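S.K.: Can you keep this structure in mind? I'll have questions shortly.
Numbering (the working numbering), first residue to last: 2 to 104.
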């Protein structure tokens with residue numbers, strides 16, 4: 002709900018995109034509101050790693066991958082690798098299901 006603090010650039014990766022890691026800029030401190038399983042409203046501030054992880058995972062809920070937050074130049078440089086991942090041409094030490102998009 003609110004991002005503040007310094008912009009911190011740090012390398013991120015994601016289980017959704019095996020084998021690719023890139024520098025991503027995120028705010029160092031965030032405030033979120035959420036309901037717990039008893040439907041009680043909470044508001045908390047997070048910083049450091051917790052803030053970064055929450056921003057990364059929240060992006061997933063919004064349909065955003067970390068690669069959407071890298072520069073256009075880096076995206077162009079990664080195009081072949083991203084296409085390979087999309088086509089299932091990668092190695093991962095965990096089980097991955099590829100959902101092919103029909104065109």
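Note that beta-carbon positions come from the ideal geometry of N, C-alpha and C, so glycine has one too. Please read these numbers as outputs of a predicted model, since none were measured by experiment.
(1) Short check: CB of residue 25 to CB of residue 47, under 8 Å?
(2) Report the residue from 62, 7, 27, 63 whose alpha carbon sits nearest the alpha carbon of residue 13.
(3) Give the single residue among 59, 74, 83 whose Cα lies nearest to the Cα of residue 3.
(4) Using 8 Å for Cβ pairs, my map puts residue 82 next to residue 21. What's the rounded Cβ distance?
(5) So residue 44 and residue 32 are in contact, right, with Cβ under 8 Å, and what is the actual spacing, rounded?
M.R.: Here's the rundown:
(1) Your numbering for residue 25 matches position 24 in the chain shown. Your numbering for residue 47 matches position 46 in the chain shown. Going by C-beta atoms, residue 25 is not nearer than 8 Å to residue 47.
(2) Residue mapping note: residue 13 aligns to position 12 of the chain shown, counting from 1. It is 27.
(3) The residue you call residue 3 lines up with position 2 of the chain shown. For the residues 59, 74, 83, the minimum Cα distance to residue 3 belongs to 59.
(4) Here the question's residue 82 lines up with position 81 in the chain shown. Here the question's residue 21 lines up with position 20 in the chain shown. Contact flag correct, Cβ pair sits at about 6 Å.
(5) Locating residue 44 in the chain shown gives position 43, where the first residue counts as 1. Locating residue 32 in the chain shown gives position 31, where the first residue counts as 1. Correct: roughly 7 Å between the Cβ atoms.
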